[in-house]
Amino acid sequence: MRFHSLIIRLLGSLFLSQFFIFIGSNPAAVLASWRDYLTDSISIFLLTFLIWTWLEYRIRRLDATLPWTVHFARRMWTQVLQCVLLPVLVCIVWMVVHLRLFYAVTLNDTTFWQYELPIAVVVFALLNALYTGYSFYHKTRHDEQRINQLHAELFSLQNLREQAVQPVAYAEMPVLPTPPNPNRPRTFLAVAGNRHIPIAVSEIAVLFKEAEWTMLQTFDKEQYMFTDALDELMALLDPTEFFRANRQFIVSRRACRFFTTEQNGKLALHLTPESATPVVISQKKATEFRQWLNG
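Per numbering that gives the first Met the number 0, the sequence shown starts with residue 0, numbered consecutively.
Following this line, the structure appears as structure tokens:
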């Protein structure tokens, strides 16, 4: 996937560099000086490729840290600032340096303000729309696959239960594995927009409080909302697999990567995947956490 993305960015940057060179110019006049044409091609190609790579990286990071379904307004302004306005500023600075370095002219002596910059803004907006649309498409497919997988597991468990209760001879009675605690839920219903999605408990990395909502983050870095409080969720979870780190966090044993000792005996817990908010365990709970993690 990353290889295909690199090829698309290279070919797309090559096409856009030629488009920006010839727009508003006479092609014969541009090609007449092949040295200037080569210089402009390399410079604009590098600029386009770097900005495109930045857009792809930042949008993917924002999908993980600020999902649209949870932080719509904040995500909108952050993406406009980092993925539209910042690239525009980089374009202006780059072209100022390029023109002064190779031609000893200013932007006012070119068609940059009339042609290149407005079209660049449109291109940045289109790239943002394409990556955002692909993100929604990928997330929808991922959710559908997860729901189908959970339905298949539920169907298998129902069949297993029906087979277990059939009257058979004692000698033929199969020995079925029993879960550690059958009263604990296997899945939780999370909220994503207007959808309610079943999340397997084994996929939960961390539960945390954010504003008025309880948030869930999976090991795939997907985030969902809950209406239940952390206290209610902790009562349903297996205490051997989940630990109430503080008032804001419940962490999974699998998510604990390492911890460090801080001032006053506090512990700084580092998770996988990483948490945007530091997870600090108080001195009072430090011993209990060590025993739980070592259990």
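Backbone N, C-alpha and C fix where the C-beta goes; we use that ideal spot for every residue, glycine too.
Next item on the list: Would you mind sorting P173 into buried or exposed? The rule is 16 or more other CB atoms within 10 Å of its CB.
Entry: Because the pLDDT of P173 is 45, which lies under 50, any placement of that residue in the model is unreliable, and the number read from its coordinates should be weighed accordingly. Flag for P173 reads exposed.
Margin query: Let's test the definition: count the other Cβ atoms within 10 Å of the Cβ of W33 and tell me whether it reaches 16, buried, or not, exposed.
Written below: Looking at its Cβ environment, which holds fewer than 16 other Cβ atoms inside 10 Å, W33 is exposed.
Note to self: For A124, which residues in the same chain have their Cβ closer than 8 Å to its Cβ, ignoring the five residues on either side in sequence?
What the structure shows: V83.
Check: Considering only the beta carbon of each residue, do T213 and E202 sit closer than 9 Å?
Finding: No, the Cβ-Cβ distance between T213 and E202 is not below 9 Å.
Notebook entry, point to check: Is DSSP giving P66 helix, strand or coil here?
Noted result: Correct three-state label for P66: coil.
Notebook entry, point to check: Buried or exposed: which applies to F21, given that a residue is buried once 16 or more other Cβ atoms fall within 10 Å of its Cβ?
Noted result: Exposed: under 16 other Cβ atoms inside 10 Å.
Item checked: Rounded straight-line distance, which links the Cα of R145 to that of R289 -> When rounded, the distance between both Cα atoms is 34 Å.
Notebook entry, point to check: Excluding the five sequence neighbours on either side, which residues of its own chain have a C-beta within less than 7 Å of the C-beta of R57, listed in chain order?
Noted result: Within the same chain, R57 has close Cβ partners Q81 and C82.
Next item on the list: Assign I280 to one of two classes, buried (16 or more other C-beta atoms within 10 Å of its C-beta) or exposed (fewer than that).
Entry: I280 comes out buried.
Check: Secondary structure at K298, three-state DSSP: helix, strand or coil?
Finding: Lying outside 0 to 294, the shown extent of the chain, residue 298 is not represented and no answer is given.
Notebook entry, point to check: Tell me the DSSP bridge mates of V222?
Noted result: A small correction: the amino acid at residue 222 is Gln; Val does not occupy that position in the sequence shown. Beta bridge pairing from DSSP links Q222 with Q216.
Item checked: Candidates Q282, R8, D39 and L13, of which the one nearest W53 by Cα -> Looking at the Cα atoms, R8 is the closest of the given residues.
Check: In whole angstroms, what separates the C-alpha of T271 from that of L129?
Finding: Approximately 29 Å between the Cα atoms of the pair.
Checklist line | Nearest residue (CA-CA) to L292, options F248, I249, S134 and E240 | finding: With respect to the C-alpha of L292, the residue from F248, I249, S134 and E240 having the closest C-alpha is E240.
Next item on the list: State the DSSP-derived secondary structure class of L85, mapped to helix, strand or coil.
Entry: Residue state for L85 is assigned as helix, using DSSP reduced to three classes.
Margin query: Is the separation between the beta-carbon of W67 and that of F135 shorter than 9 Å?
Written below: The answer is yes: Cβ separation under 9 Å.
Checklist line | Endpoints, beta strand (DSSP E) assigned at R243 | finding: That run of the beta strand (DSSP E) goes F241 to R243.
Checklist line | Span separating the alpha-carbon of R246 from that of T139 | finding: Roughly 32 Å between the two C-alpha positions.
Next item on the list: With distances taken Cα to Cα, identify the nearest neighbour of L100 among D35, A119, A72 and T77.
Entry: Nearest option by C-alpha distance: D35.
Check: Who does E209 pair with in a DSSP beta bridge?
Finding: Answer by DSSP bridge pairing, in chain order: W212.
Next item on the list: Return the chain-ordered list of same chain residues with a C-beta closer than 6 Å to the C-beta of H3, the five sequence neighbours on each side being excluded.
Entry: Here the set comprises nothing.
Notebook entry, point to check: Do you know whose CA, among Y102, D62, T260 and E221, lies nearest D310's CA?
Noted result: What is shown of the chain runs 0 to 294, which leaves residue 310 out entirely.
Notebook entry, point to check: Secondary structure at L298, three-state DSSP: helix, strand or coil?
Noted result: One cannot answer for residue 298 here, as it falls past the ends of the chain, which runs 0 to 294.
Notebook entry, point to check: By a C-beta neighbour count over all protein chains shown, 10 Å radius and 16 as the cutoff for buried, is M75 buried or exposed?
Noted result: By the 10 Å Cβ count, M75 comes out exposed.
Next item on the list: Give me the Cα-Cα distance between N107 and S16, rounded to the nearest whole angstrom.
Entry: Whole-angstrom Cα-Cα distance: 20 Å.
Checklist line | Local Cβ density within 10 Å of F14, reported as buried at 16 or more and exposed below that | finding: Note on F14: under 16 other CB atoms within 10 angstroms of its CB, so exposed under the neighbour-count rule.
Checklist line | Straight-line gap, V200 to Q262 (C-alpha atoms, nearest Å) | finding: In a straight line, the C-alpha of V200 is about 33 Å away from that of Q262.
Check: Using the beta-carbon count (16 or more within 10 Å), is T177 buried or exposed?
Finding: Residue confidence is low: T177 scores 39 on pLDDT, short of 50, so the model does not pin down where it sits. Its coordinate-derived value is still stated next. T177 should be labelled exposed.
Note to self: Just to confirm the assignment, what range does the alpha helix (DSSP H) spanning T77 have?
What the structure shows: Counting along the chain, the unbroken alpha helix (DSSP H) around T77 starts and ends at F71 to V79.
Margin query: As a quick exercise: from L126, I249 and N127, pick the residue whose alpha carbon is nearest that of L235.
Written below: Of the candidates L126, I249 and N127, the one whose C-alpha sits nearest the C-alpha of L235 is I249.
Next item on the list: Assign E171 to one of two classes, buried (16 or more other C-beta atoms within 10 Å of its C-beta) or exposed (fewer than that).
Entry: In this prediction, E171 scores a pLDDT of 42, lower than 50, which makes its location untrustworthy; the coordinate-derived value is nonetheless stated afterwards. Burial call: exposed.
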